[in-house]
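Protein chains: 2
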Amino acid sequence: VNDAPSPVRLVPIPGIPAVQSGDDLSALIGAAADGASIELRNGVLVVCQKIVSKAGGRVVKLADVEPSDEALRMAEEDGRDPRQMELVLRETKRIVRRGHGVTISETRHGFVCANAGVDLSNAPAPDTAVLLPVDPDGSARALRSALLDGGASAPLAVIISDSFGRPWREGLIDVAIGSAGIAPIRDLRGTVDLAGRELEVTAGATADQLTAAAGLLMRKDAGIPVVWIEGYPFEGDGGVDETLRDPSTDLFR
Amino acid sequence: VNDAPSPVRLVPIPGIPAVQSGDDLSALIGAAADGASIELRNGVLVVCQKIVSKAGGRVVKLADVEPSDEALRMAEEDGRDPRQMELVLRETKRIVRRGHGVTISETRHGFVCANAGVDLSNAPAPDTAVLLPVDPDGSARALRSALLDGGASAPLAVIISDSFGRPWREGLIDVAIGSAGIAPIRDLRGTVDLAGRELEVTAGATADQLTAAAGLLMRKDAGIPVVWIEGYPFEGDGGVDETLRDPSTDLFR
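So the protein sequences, as listed, match chains A and B.
The opening position of the first sequence corresponds to residue -14 in our numbering, with each subsequent residue numbered one higher.
The opening position of the second sequence corresponds to residue -14 in our numbering, with each subsequent residue numbered one higher.
What follows is the structure in structure tokens.
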């Protein structure tokens, strides 16, 4: 990491059709990459959560959801659909904060985000909701493996992204919710600055920085749910689950 | 924003010497860009806070700092240098959290970050500390204006970046602390999804996503404090100060 870096290129991959439950994402993405003359090697593929969830059948008809008393009460307070609130509660391990019409949840995966990631927009039909994938790291590993078609040691990283809000700052930013074929955190321990002093900083959020970069080109609303990043020298292998802060050392939980 | 986007290129700009108090950053960056055959037009220049602070004289000798009783007490609790703690308190408007040896401050600018941005690593000499710029938005405007040399309407965005930690996730990510020549937040109100439904999402943190992308190539420890981004269609003009969440609507303050 002390070598001068090369330029990095972010390339949107168009041509991915509306995804349905049961679709083979690796086939759809592979075909779209072929169409854009991109070989999915030596780079990082960032895939929007929404198409992973749709392919994985994580779409729920609101008409099939029976809201609990708790969901009815909370929905009333927040001016939301009680069936959406019921889904939020089902996806939630713990409520971190509530206020201003928003519920900030810790999801079953350990992510902290608004409404436990339950999204009514970008759903495939009105009156449906899209939930986060059950195991985003597993989805990233499976997609990577399928794209490599058995050549598991080839250099290809797969990251699954979602847009999260943040405390203190307006605006959503894309973050990694699943990863494979890349170490999501870059360990900087032992790195020294120009004066030879060890950095206080010990870890860089590589996967989240790649995901935010890809977010510049993601267009959920215009059919660009996949971005290809080339020229970034990634290494290692790990899941995003390893990078979630231990609740016992977290000052905001 | 509904058009299919073009590729984006992130280009590190090497050749910027160690910056001293009073240096003309626009001259140093202009010369380095010339050396890399980059014309600083139609793109986004992301500049690491550290060189802005150094050029602006925001470097303090710890020997000149007299710690208050409060700083002595807090430093003892956290196992830190009391003179650094004194600087943290001077830069702090309000302490947001304390624990695990870290003080999370709201800085005088309104940023929420560890140790109010006071950094002992990457300082120009041992026993010195680097503080955040006094007015990062003003620094971005001044640098942009100097680089444009009077042609204030030419398309050039300048963002000043720093590395912040986050709740809930390990690893630092680069965020925008100052901006000029770009709207730091992309307004998505009225945008519809593929099904014609209005997005729940209403704002994208454009400046922070550009900054995180640039962070992939920033090497404070190897003399690459500036990254050039071309191909991203930015618009508008505003400061990062406009994008800080109103404390009265913030669930984590």
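Glycine included, every Cβ here is placed at the ideal spot set by N, Cα and C.
For clarity, every value in this text was computed on a predicted model and none was experimentally measured.
Measure the beta-carbon distance from residue 32 of chain B to residue 128 of chain B and round it to whole angstroms, keeping in mind my assumption that it falls under 8 Å.
Here residue 32 of chain B refers to the residue found at position 47 when the second sequence is read from its first residue. Here residue 128 of chain B refers to the residue found at position 143 when the second sequence is read from its first residue. Your pair residue 32 of chain B and residue 128 of chain B checks out as a contact, with CB atoms roughly 7 Å apart and the cut at 8 Å.
Provide the residue(s) that pair with residue 163 of chain A in DSSP beta bridges, ordered along the chain.
To locate residue 163 of chain A, count along the first sequence from 1; it is residue 178. In the DSSP output, where bridge partners are listed per residue, residue 163 of chain A has A:145.
List the residues of chain A that residue 152 of chain B touches, going by C-beta distances under 8 Å, in chain order.
Your numbering for residue 152 of chain B matches position 167 in the second sequence. For residue 152 of chain B, the chain A residues whose Cβ falls inside 8 Å of its Cβ are 97, 152, 230, 235, 236, 237, 238, in order along the chain.
Same chain, Cβ closer than 7 Å to residue 50 of chain A, five either side skipped, listed in chain order
Within the first sequence, numbered from 1, the residue matching residue 50 of chain A stands at position 65. Apart from the 5 residues on each side of it in sequence, residue 50 of chain A sits with its Cβ closer than 7 Å to the Cβ of 68, 71, 72 in its chain, given in chain order.
Please confirm if the segment 194 to 211 of chain A is in contact with the segment 198 to 213 of chain B, defined as three or more CB-CB distances below 8 Å between the two stretches.
With a cut-off of 8 Å, the segment 198 to 213 of chain B and the segment 194 to 211 of chain A count as touching, because enough Cβ pairs lie within range.
Starting from residue 84 of chain A and walking both ways along the beta strand (DSSP E), at which residues does that stretch end?
Numbered from its first residue, the first sequence carries residue 84 of chain A at position 99. Counting along the chain, the beta strand (DSSP E) containing residue 84 of chain A begins and ends at 77 to 84.
Could you tell me whether any Cβ in chain B is nearer than 9 Å to the Cβ of residue 5 of chain A?
Here residue 5 of chain A corresponds to residue number 20 of the first sequence, with the count starting at 1. By this cut-off, residue 5 of chain A is not an interface position.
Going by the beta-carbon positions, is the gap between residue 25 of chain A and residue 132 of chain A smaller than 9 Å?
In the first sequence, counting from the first residue as 1, residue 25 of chain A sits at position 40. In the first sequence, counting from the first residue as 1, residue 132 of chain A sits at position 147. Yes, Cβ-Cβ distance for residue 25 of chain A and residue 132 of chain A is below 9 Å.
Between residue 163 of chain B and residue 144 of chain B, how many whole angstroms is the CB-CB distance? I'm expecting something under 8 Å.
For the purposes of this step, residue 163 of chain B is taken as the residue at position 178 of the second sequence. For the purposes of this step, residue 144 of chain B is taken as the residue at position 159 of the second sequence. Sure, about 7 Å apart at Cβ, within 8 Å.
Which bits of chain B does residue 194 of chain A rub up against, with CB to CB less than 8 Å?
The count along the first sequence starts at 1 and reaches residue 194 of chain A at position 209. Those within 8 Å of residue 194 of chain A in chain B are 158, 159, 197, 198, 200, 201.
Among B:12, B:3, B:172, the one whose alpha carbon lies nearest that of residue 221 of chain B:
Stepping through the second sequence from its first residue, residue 221 of chain B is reached at position 236. Looking at the Cα atoms, B:172 is the closest of the given residues.
Cβ of residue 170 of chain B less than 9 Å from any chain A Cβ?
Residue 170 of chain B sits at position 185 when you count from the first residue of the second sequence. With 9 Å as the cut-off, residue 170 of chain B counts as an interface residue toward chain A.
Nearest neighbour of residue 13 of chain A, chosen from A:193, A:0, A:156 [CA to CA]:
As a position in the first sequence, residue 13 of chain A is number 28, starting the count at 1. Taking only the C-alpha atoms, the option nearest residue 13 of chain A is A:0.
Please report whether the beta-carbon of residue -5 of chain A lies at a distance below 9 Å from any beta-carbon of chain D.
Chain labels in this structure do not include chain D; the protein chains are A and B.
Taking residue 36 of chain A as the query, report the chain B residues whose CB atoms sit under 9 Å from its CB, ordered along the chain.
Position 51 of the first sequence, counting from 1, holds the residue named residue 36 of chain A. Those within 9 Å of residue 36 of chain A in chain B number zero; the least Cβ separation is about 11 Å.
Own chain partners of residue 48 of chain A with C-beta closer than 7 Å, once the 5 adjacent residues on each side are dropped
Stepping through the first sequence from its first residue, residue 48 of chain A is reached at position 63. Excluding positions up to five away in sequence, the list reads 112.
Which partner residues of residue 89 of chain B appear in the DSSP bridge assignment?
For the purposes of this step, residue 89 of chain B is taken as residue 104 along the second sequence, with counting starting at 1. Paired residue(s): B:82, B:99.
Contacts of residue 82 of chain B in chain A (Cβ-Cβ under 8 Å)
Sequence index remark: in the second sequence, residue 82 of chain B carries index 97 (1-based). Under the 8 Å cutoff, chain A gives 236, 237.
Segments of 3+ residues assigned as beta strand (DSSP E) that fall wholly inside the segment -3 to 47 of chain B:
28 to 33, 44 to 46
Bounding residues of the alpha helix (DSSP H) (the contiguous stretch that carries residue 197 of chain B):
As a position in the second sequence, residue 197 of chain B is number 212, starting the count at 1. First-last of the alpha helix (DSSP H) with residue 197 of chain B: 191 to 200.
Hey, is residue 87 of chain A's beta-carbon within less than 9 Å of any beta-carbon in chain B?
As a position in the first sequence, residue 87 of chain A is number 102, starting the count at 1. Judged by the 9 Å Cβ criterion, residue 87 of chain A is in contact with chain B.
Same chain, Cβ closer than 6 Å to residue -14 of chain B, neighbours up to 5 away in sequence not counted
Working through the second sequence from its first residue, we reach residue -14 of chain B at position 1. Since pLDDT at residue -14 of chain B reaches only 38, below the 50 mark, its modelled position is unreliable, and the value read off the structure follows with that caveat. Closer than 6 Å at the Cβ level, and outside the excluded window around residue -14 of chain B, lies no residue.
Counting only beta-carbon separations shorter than 9 Å, does residue 191 of chain A have a partner in chain B?
On the first sequence, residue 191 of chain A is found 206 positions in, with the first residue counted as 1. So, interface residue.
Using a Cβ cut-off of 8 Å, pull out every chain A residue sitting near residue 188 of chain B, in sequence order please.
Numbered from 1 along the second sequence, position 203 holds the residue referred to as residue 188 of chain B. Going along chain A in sequence order, the residues near residue 188 of chain B (Cβ under 8 Å) are 155, 156, 157.
Go ahead and pull the three-state DSSP assignment for residue -5 of chain A.
Walking along the first sequence from the start, residue -5 of chain A turns up at place 10. Residue -5 of chain A: strand per DSSP, three-state reduction.
If residue 155 of chain B and residue 228 of chain A are in contact, beta carbons under 8 Å, what's the gap, nearest whole angstrom?
The count along the second sequence starts at 1 and reaches residue 155 of chain B at position 170. The count along the first sequence starts at 1 and reaches residue 228 of chain A at position 243. Right, their Cβ atoms sit about 5 Å apart.
Comparing the C-beta of residue 148 of chain A with each C-beta of chain B, is any distance below 9 Å?
To locate residue 148 of chain A, count along the first sequence from 1; it is residue 163. Taking Cβ atoms only, chain B reaches closer than 9 Å to residue 148 of chain A, which makes this a yes.
Report, in whole angstroms, the separation of the C-beta atoms of residue 167 of chain B and residue 188 of chain B, which I expect to be a contact under 8 Å.
Here residue 167 of chain B refers to the residue found at position 182 of the second sequence. Here residue 188 of chain B refers to the residue found at position 203 of the second sequence. Residue 167 of chain B to residue 188 of chain B, Cβ: 14 Å. No contact.
Give the DSSP-derived three-state secondary structure of residue 51 of chain B in the structure shown.
For the purposes of this step, residue 51 of chain B is taken as residue 66 along the second sequence, with counting starting at 1. Residue 51 of chain B falls in the coil class under three-state DSSP.
What does DSSP give as the partner residue(s) for residue 158 of chain A in the beta ladder?
By 1-based counting over the first sequence, the position of residue 158 of chain A is 173. Answer is A:149.
Close Cβ partners of residue 232 of chain B (< 7 Å) along its chain, the five nearest in sequence each way excluded
Indexing the second sequence from 1 puts residue 232 of chain B at position 247. The answer, listed in chain order, is 238.
Quick check on residue 92 of chain B: buried or exposed, where buried means 16 or more other Cβ atoms within 10 Å of its Cβ?
By one-based count along the second sequence, residue 92 of chain B stands at place 107. By the 10 Å Cβ count, residue 92 of chain B comes out buried.
To the nearest whole angstrom, what separates the beta carbons of residue 243 of chain A and residue 46 of chain A, a pair I think is in contact under 8 Å?
Because residue 243 of chain A is not part of the residues shown, which for chain A are -14 to 238, the question remains open.
Express the C-alpha separation of residue 8 of chain A and residue 226 of chain B in angstroms, rounding to a whole number.
Taking the second sequence and counting its residues from 1, one reaches residue 226 of chain B at position 241. Taking the first sequence and counting its residues from 1, one reaches residue 8 of chain A at position 23. Their Cα atoms are separated by approximately 44 Å.
Considering only the beta carbon of each residue, do residue 105 of chain A and residue 99 of chain A sit closer than 9 Å?
On the first sequence, residue 105 of chain A is found 120 positions in, with the first residue counted as 1. On the first sequence, residue 99 of chain A is found 114 positions in, with the first residue counted as 1. Result no, Cβ atoms of residue 105 of chain A and residue 99 of chain A do not sit closer than 9 Å.
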